[in-house]
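J.: Residue numbers are given in the numbering used here: position 254 of the sequence shown equals residue 1547, and the series is strictly consecutive.
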Amino acid sequence: MIEWVIFMKKAAELLTAAALTAAAAMCIFAADTVGASVYAALQRCLTAVIPSLFAMIAASALLIRSGTVSAAGRLVHRAGRLLLGMDGDIFVIFLFSNIAGYPVGARMLLSCCESGRLTRREAELLAGVCFGAGPAFIYGCIAGQLYRSARVGLLISLSSFAGSLAAAAVLSAYLRRHGHGAPPRTGISFRAEMLPDCVSAAGRSMAEICAAILGFAVISAILARVGVLPAAAGLLSRLTGRDFTASAGLICSALDVTAVGSLPAGDFTLLPEIAALVTFGGGCVFMQLAAIFRGRLSLLPAAAIRLGAAAVSFGVCRLMLPLFIAGETVSAAVTAQTHRAPSPVPSVLLAVMTAMVFAQYEKCRRKNV
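(1) Can you name the start and end residues of the alpha helix (DSSP H) that Leu-1335 belongs to?
(2) Apart from the five residues on each side of it in sequence, which residues of its chain come closer than 6 Å, Cβ to Cβ, to Tyr-1395?
(3) To which residues of the same chain is His-1632 closer than 6 Å at the C-beta, ignoring the five residues directly before and after it?
(4) Could you tell me whether the stretch 1485-1495 touches the stretch 1436-1446, where touching means 3 or more Cβ pairs closer than 8 Å?
(5) Assuming Ile-1544 and Leu-1563 form a contact by the criterion Cβ under 8 Å, report the distance between their Cβ atoms to the nearest whole angstrom.
(6) Okay, do the stretch 1446-1458 and the stretch 1411-1431 touch, 3+ Cβ pairs below 8 Å being the bar?
(7) Does any CB atom of chain D fall closer than 8 Å to the CB of Val-1327?
(8) Please classify Thr-1551: is it buried, with 16 or more other beta-carbons within 10 angstroms of its beta-carbon, or exposed?
(9) Apart from the five residues just before and just after Gly-1446, which ones in its own chain have a Cβ nearer than 6 Å to its Cβ?
(10) Using the C-alpha atoms, what's the distance from Ala-1348 back to Trp-1297?
(11) Could you check the C-alpha separation between Ala-1310 and Val-1553 for me, to the nearest Å?
(12) Roughly how many angstroms separate the alpha carbons of Thr-1340 and Thr-1361, rounded to a whole number?
(13) Do Ala-1539 and Leu-1516 have their beta-carbon atoms positioned less than 8 Å apart in this structure?
(14) Grab me the residues of Val-1385's own chain with a C-beta within less than 7 Å of its C-beta, minus the 5 sequence neighbours each way, in chain order.
(15) With a floor of 4 residues, list each alpha helix (DSSP H) that falls wholly inside the stretch 1382-1453, ordered by position along the chain.
(16) In terms of residue numbering, what span does the alpha helix (DSSP H) encompassing Phe-1617 cover?
(17) Compare the C-alpha of Leu-1616 against each of Ser-1498, Ala-1416, Leu-1448 and name the closest.
(18) Applying the criterion that 16 or more other CB atoms from any shown protein chain within 10 Å of the CB defines a buried residue, is Thr-1533 buried or exposed?
(19) Let's test the definition: count the other Cβ atoms within 10 Å of the Cβ of Ile-1502 and tell me whether it reaches 16, buried, or not, exposed.
(20) What residue range does the alpha helix (DSSP H) around Ala-1354 cover?
(21) With a Cβ-Cβ cutoff of 8 Å, do Gly-1576 and Phe-1483 count as a contact?
(22) Identify which residue in Gly-1601, Ser-1606, Leu-1582 has its Cα closest to the Cα of Gly-1398.
(23) In the DSSP assignment, find the alpha helix (DSSP H) that holds Met-1379 and state where it starts and stops.
(24) Starting from Asp-1490, follow the alpha helix (DSSP H) in both directions and report where the run begins and ends.
(25) With H, G and I counted as helix, E and B as strand and the rest as coil, what does DSSP make of Met-1319?
(26) Could you have a look at Gly-1576 and say whether DSSP puts it in helix, strand or coil?
(27) Among Arg-1410, Leu-1411, Ala-1426, whose alpha-carbon lies nearest the alpha-carbon of Ser-1390?
(28) Should Gly-1527 be labelled buried (16 or more other beta-carbon atoms within 10 Å of its own) or exposed?
(29) How big is the Cα-Cα spacing for Arg-1535 and Leu-1529?
(30) Do His-1473 and Arg-1410 have their C-beta atoms closer together than 8 Å?
(31) Have a look at Met-1301 and Gly-1588 and give me their C-alpha separation to the nearest angstrom.
(32) Output the boundary residues of the alpha helix (DSSP H) element that contains Ser-1363.
(33) Under the three-state reduction of DSSP, which class applies to Leu-1589: helix, strand or coil?
(34) On the DSSP letters alone, give me the boundaries of the alpha helix (DSSP H) that Phe-1537 sits inside.
(35) Please report the distance separating the alpha-carbon of Ser-1353 from that of Gly-1608.
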C-alpha cells in the first residue's frame, strides 16, 4: 500500500512537470496567441477587476480590524439567527460579501476562523455562502459592456443573490445547531496605522487576483491552440444549439468569470447562463480562494455549494427574464450608440499610488524600529 502511494505521488509529480514543460513550450512557440490572450486579460484587470474590487477589499479589512463587523453583528444578531440561523457578525459578513466581490467573504471568514470565532468546518461551509460577484463587477463588466442596460445588471444581481440566499437557507439548519452566540462586545476603534495596513493588504490581494486571471488567460490560450477548447465548444454547441462563438465564450467564462465580457453583445438568451456563471465564480475565483486559504481550509464544500447556488440562479434568471427585457429589444432596435472602451488610466494610477503607500509605510516602519 505504501509503495502504491509513493508511486502515485511520483506519477503526479511527473505529470505536473510534463504539463508545465508543455505549457512553457506553448508560450514559446505560440507566443502570438498567448500574448493576445494575456493582453485581453490585462485589459480586463485594469478596466473592470481593479476598479470593482480594490476599494471593497480594503474596506472589508478595515471593517474587521476596527471592530465594526462585531459591533454591527450585535445589532443584527437576532435578525440573523431568526432568518438564516447565523450569528450576527456572520450575518453581516454574508450581506457584505454579496456586494463586495468574490474573495472578500473568504478573507473575512478566514479572519474569524483564525480568531476562534468559527470552527474550520463552519468556515468551509460558510465560504460557499458568503460569496458574490458584487454589483460593481456585474454592472461594470456585464451589464455595462455587453448590454448597456441597468435592468440587466439588476436581473443578474438578484439572480445571483437568490442563489446565495437559497444556499444559506439550506445551511441554516446546521448553523442553528452550531451557533456561537452574539459576537463579543467590542468598541469601534480607528487608528492611523490601520488605513495604510489595509491599503497594503488590498494591494497584495489585487496582485494575487490579477496574477490568477493572467494565469487562466494563458491556460485558455493553450487549450485553444491545442484544440481542446474548440472541441469542447463544438460539443457544447451541439448539445445546446448555441453558435460556436457563444459556446466557446461560455467555456472560457467557466475558467475565468471575467471573460464574460467577451461573449456576444446584446444576446439576452445568454443571461441565465451568465447568471449561473457569475454565481458559481469559475476556476479562477477558486484559485484565488485557494491562495487565500493556503491549505488551512478545504475548497470542496464551497465548490459543491456554489454549484447548487448556480443552478438556483439559472432558474431564477430564466423565470424573471421576460419581465426584465420586455422593452430592451425595442430600444436596442431603434437606438444606436457608439461604444467607448473604459480607460485603464485610473487603475494604473491606483496601482502607482498603492506602491507609493507601500514605500512610505515601509519607510515609517523602519524609522519606528
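Don't be surprised by glycine CBs; every beta carbon is placed ideally from N, CA and C.
T.: Reading it off the structure:
(1) For Leu-1335, the uninterrupted alpha helix (DSSP H) segment begins and ends at 1324-1337.
(2) Contacts found: Gly-1574, Val-1578.
(3) Summary for His-1632: the model assigns pLDDT 39, below 50, so the residue's position carries little reliability; its value from the coordinates is reported in the next sentence. Contacts found: none.
(4) The answer is no - the stretch 1436-1446 does not touch the stretch 1485-1495, with fewer than three Cβ pairs under 8 Å.
(5) Not a contact, Cβ separation roughly 13 Å.
(6) With a cut-off of 8 Å, the stretch 1411-1431 and the stretch 1446-1458 count as touching, because enough Cβ pairs lie within range.
(7) Of the protein chains in this structure there is only one, and it is not chain D.
(8) By the Cβ neighbour-count rule, Thr-1551 is buried, with 16 or more other Cβ atoms within 10 Å of its own.
(9) Excluding residues within five positions, the ones whose Cβ falls inside 6 Å are Ile-1431, Tyr-1432, Ala-1436.
(10) Straight-line Cα distance between these residues: approximately 49 Å.
(11) Looking at the two C-alpha atoms, the distance is approximately 31 Å.
(12) A direct Cα-Cα distance of roughly 30 Å separates Thr-1340 from Thr-1361.
(13) For Leu-1516 and Ala-1539, no; Cβs fall outside 8 Å.
(14) Only Val-1362, Ala-1365, Gly-1366, Val-1369 meet the Cβ criterion.
(15) Qualifying alpha helix (DSSP H) stretches, in chain order: 1395-1407, 1413-1419.
(16) Taken as a continuous stretch (DSSP letters only), the alpha helix (DSSP H) holding Phe-1617 covers 1593-1617.
(17) Here the closest residue by C-alpha is Leu-1448.
(18) Its Cβ having fewer than 16 others within 10 Å, Thr-1533 is exposed.
(19) That one is buried.
(20) It spans 1343-1358 - the alpha helix (DSSP H) in which Ala-1354 sits, taken as one unbroken run.
(21) With a cutoff of 8 Å on beta-carbon distance, Gly-1576 and Phe-1483 are scored as not near each other.
(22) Residue Leu-1582 is the option with its Cα nearest to Gly-1398.
(23) Element bounds for Met-1379: n/a, residue is neither H nor E.
(24) Run containing Asp-1490: 1487-1519, per the alpha helix (DSSP H) assignment.
(25) If DSSP states are grouped into helix, strand and coil, Met-1319 belongs with the helices.
(26) Reduced to three states, the DSSP call for Gly-1576 is helix.
(27) That would be Ala-1426, whose Cα lies nearest to the Cα of Ser-1390.
(28) Exposed, since its Cβ has fewer than 16 Cβ neighbours within 10 Å.
(29) When rounded, the separation of the alpha-carbon atoms in Arg-1535 and Leu-1529 is 8 Å.
(30) Between His-1473 and Arg-1410, the C-beta spacing is below 8 Å.
(31) CA-CA distance, Met-1301 to Gly-1588, rounds to 21 Å.
(32) Looking at the DSSP string, the run of the alpha helix (DSSP H) that includes Ser-1363 is 1361-1368.
(33) It should be noted that the sequence gives Arg, not Leu, for residue 1589. Assignment of Arg-1589 by DSSP, reduced to helix, strand and coil, places it in the coil class.
(34) From DSSP, the alpha helix (DSSP H) with Phe-1537 extends over 1537-1548.
(35) Roughly 31 Å between the two C-alpha positions.
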